[in-house]
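Same order as they appear, the protein sequences are chains A and B.
Under this note's numbering, the residue at position 116 of the first sequence is numbered 179, and the numbers go up by one with no gaps.
Under this note's numbering, the residue at position 142 of the second sequence is numbered 194, and the numbers go up by one with no gaps.
Beta carbons are placed, not taken as given, at the ideal position from N, Cα and C, and that holds for glycine.
Report on one structure; see the data block that follows.
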Amino acid sequence: MKKVLLLVLSLLAFPLSAGVEYHQFDDPNKEQAYQNLISELRCLVCQNQTIADSNADLAKDLRQQVYEMLQQGKSQQDVVDFMTQRYGDFVMYRPAFTLKTGLLWLGPSAFLLIGVITVFMLARNKKAKAQITLDKQQQTRLNDILQKGEED
Amino acid sequence: MFKLKFLLPLILFIVLAIFLAIGLGLNPKDIPSPLIDKPAPAFSLPILATPDKNLSTQDLKGKVWLLNVWASWCVSCRQEHPLLLELAKLNLVTIVGLNYKDEAPAANMWLQQLGNPYTVSIMDKDGRVGIDYGVYGVPETFVIDKRGVIRYKHTGPVMPGDIEQIFLPLVQKLNQEPA
């Protein structure tokens, strides 16, 4: 029974995937460029999706725009420039490295570096503290304790 | 030295807390437009009231104008609509409505029912001009100066107080600039 239900449900789910439009390419390079671009461009309506993933109306329009530009013989960089001129760096999932986006790119490694340096310094401090030399009194006491232990 | 060691985590925490607090206050939908201080993208689109005639950016040269992106399907456009009607009553600025991805009958009906604040509305049926203006959330409002340069962009519905505090002072300032 469960299997039948599952089968029926999966049959029902099929028409949903048919909602995505299909773009015909004559050149496999262009198709590759199209796939690259739509998985690099952010859908601005649903900000955590690329325009490849999103079903939003704007994402559909932008996919169409990308398709047409590539068909007109524009390069990938042309499309990227077109989009960033209109929507800003935010439209790129991996924004270009500029003065404005520098912190975004370098921030994580900078914080990691600070962490490593901190750990390193803490470890060195501890090591320095561990090498305490005992004075005469402490040394005799230590010897006493050690001797007692042997006698037990 | 002793004090600094204990104060440092506190200072770091405060700095972090300040950044996070600022982050909470920001609107993630408010993406800065790269079009500010750039020439408004040119268009020539059919007028909603008289579809056989076009309005182009050239026709608006020498005027300070607002471009308000709206649609009859847009819910938050209804929210800002009364404010635009009030602004239109003041007769201080040309308000161009960009009817974005809409159907003419529905758009006309909307204006009839709710009132028409627009000096003129133009139809961007396939949303191409919208893409040129970086429109991603209707409504959006642009302020364009006499030389045809975008000076301000407002994303989302115009809120009470925005007209008096943002739009009117800016329009007045731009009106005084030479064409």
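Q) What residue does the alpha helix (DSSP H) around A:F145 start on, and which one ends it? A) Q139 to Y150
Q | Close Cβ partners of A:D152 (< 8 Å) along its chain, the five nearest in sequence each way excluded | A | When the five nearest sequence neighbours on each side are left out, the beta carbons in the same chain lying within less than 8 Å of the beta carbon of A:D152 are those of P158, A159, T161, K163 and T164, in order along the chain.
Q: Could you tell me how far apart the beta carbons of B:V195 and B:Y204 are, in whole angstroms, since I believe they sit closer than 8 Å?
A: 4 Å
Q: With distances taken Cα to Cα, identify the nearest neighbour of B:G167 among B:L136, B:K153 and B:E192.
A: B:L136
**Q.** Coarse secondary structure for B:S96, derived from DSSP in three states
**A.** strand
Q. Closer than 9 Å, Cβ to any Cβ of chain A: which residues of the segment 79-96 of chain B, in chain order?
A. Cβ proximity to chain A below 9 Å picks out P80, K81, I83, P84, S85, P86, L87, K90 and P93 from the segment 79-96 of chain B.
**Q.** Which of helix, strand or coil DSSP assigns to B:G182
**A.** helix
Q.
Just to confirm the assignment, what range does the alpha helix (DSSP H) spanning A:D120 have?
A. D120 to Q134
Q.
Suppose contacts are defined by Cβ-Cβ distances below 8 Å. Is A:M64 in contact with A:E103 by that definition?
A. no
Q.
Going by the DSSP bridge assignment, what does B:E192 pair with across the sheet?
A. B:V121 and B:T207
Q.
Using a Cβ-Cβ cutoff of less than 6 Å, which residues in the same chain neighbour A:A119 once the five nearest sequence positions on both sides are dropped?
A. C106, V108 and C109
Q) Just by C-beta distance, which residues in the segment 167-188 of chain B are closer than 9 Å to chain A? A) D178, G179, R180, G182, I183, D184, Y185, G186, V187 and Y188
Q) Using 8 Å as the threshold, is the segment 177-193 of chain B in touch with the segment 207-216 of chain B, meaning 3 or more CB pairs across them? A) yes
Q. Whose CA, out of B:M175, B:S124 and B:I88, lies closest to the CA of B:Q164?
A. B:S124
Q. Does any C-beta atom of chain B lie closer than 8 Å to the C-beta of A:D124?
A. yes
Q) In chain order, what residues of the same chain have a beta carbon less than 8 Å from the beta carbon of B:A45, not counting five sequence neighbours either side? A) No answer is possible for residue 45 of chain B: it lies beyond the span of chain B, which begins at 53 and ends at 231.
Q: Establish whether the CB of A:L162 and some CB of chain B are separated by less than 8 Å.
A: no
Q: Could you name the residues of chain E that A:Q148 contacts, counting a contact when the two beta carbons are closer than 7 Å?
A: Looking at the structure shown, chain E is missing, and the protein chains on hand are A and B.
Q. Taking Cβ-Cβ distances shorter than 7 Å, what residues in chain B pair up with A:F153?
A. I83
Q) What is the rounded straight-line gap between the Cα of A:S80 and the Cα of B:G179? A) For A:S80, the predicted model reports a pLDDT of 48, less than 50, meaning its position is unreliable; a value from the coordinates is still stated below. If you take the alpha carbons of A:S80 and B:G179, they lie about 24 Å apart.
Q) Within the 8 Å Cβ cut-off, does A:L79 reach chain B? A) Caution applies to A:L79, whose pLDDT of 49 falls short of 50 and renders its modelled position unreliable; the value that the coordinates give is listed next. No, no contact with chain B.
(Q) Please list, in chain order, the chain B residues whose beta carbon lies closer than 7 Å to that of A:V142. (A) The contacting residues do not exist; A:V142 stays about 12 Å from chain B at best.
**Q.** Through-space distance from A:L185 to A:A193, alpha-carbon basis
**A.** 12 Å
Q. Taking Cβ-Cβ distances below 7 Å as the criterion, which residues of the segment 83-109 of chain A are in contact with chain B?
A. L107 and V108
Q.
I need the boundaries of the beta strand (DSSP E) containing B:V172, first residue and last residue.
A. V172 to D176
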